[in-house]
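Quick notes on the structure that follows.
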């Protein structure tokens, strides 16, 4: 339970970075809807790696070979793609351009991507120490 709550808190921090950054880039600085998601997602990914590695999954093994880092960022690229697809689908396919629709797409993408990330981190990156 501690692990899941910690993961949720790290996710909350990542969500604030992603949504805050996306809205800053999109609405205040006039960025494109997709670039405005990609840049803060990259910043969020780096902070999430550090917080998950050294706090949430601190008791999990790490082989120190770079495999963990490569897997983490590879799986996060898939998560980012999920987020970008949700935003792009809402903006370009559905033609919904309001701030509300943009933020709703961000939240839907973050929710789907977070579920994927938790599952993939547990399965391939931060697996428990063998007994």
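Numbering (this note's numbering), first residue to last: 1 to 131.
For every residue, glycine included, the Cβ atom is placed at its ideal position computed from N, Cα and C.
- Secondary structure note for residue 106: its alpha helix (DSSP H) is the uninterrupted segment 99 to 120.
- When C-alpha distances from residue 12 are compared across 110, 122, 89 and 124, the shortest belongs to 110.
- The straight-line gap separating the alpha-carbon atoms of residue 19 and residue 33 is approximately 12 Å.
- Straight through space, the alpha carbons of residue 45 and residue 98 are spaced by roughly 26 Å.
- Contact between residue 43 and residue 17 is confirmed by a C-beta separation of about 6 Å, below the 8 Å threshold.
- For residue 72, same chain residues with a beta-carbon under 6 Å away, outside a window of 5 residues either side, are 49 and 125 in chain order.
- Counting other Cβ atoms within 10 Å of its Cβ, residue 57 reaches 16 or more and is therefore classed as buried.
- The beta carbon of residue 75 lies closer than 6 Å to those of 120 in the same chain, with the five residues before and after it left out.
- Under the three-state reduction of DSSP, residue 94 is assigned to coil, being neither helix nor strand.
- Following the DSSP letters along the chain, one finds residue 60 in no alpha helix (DSSP H), marked with neither H nor E.
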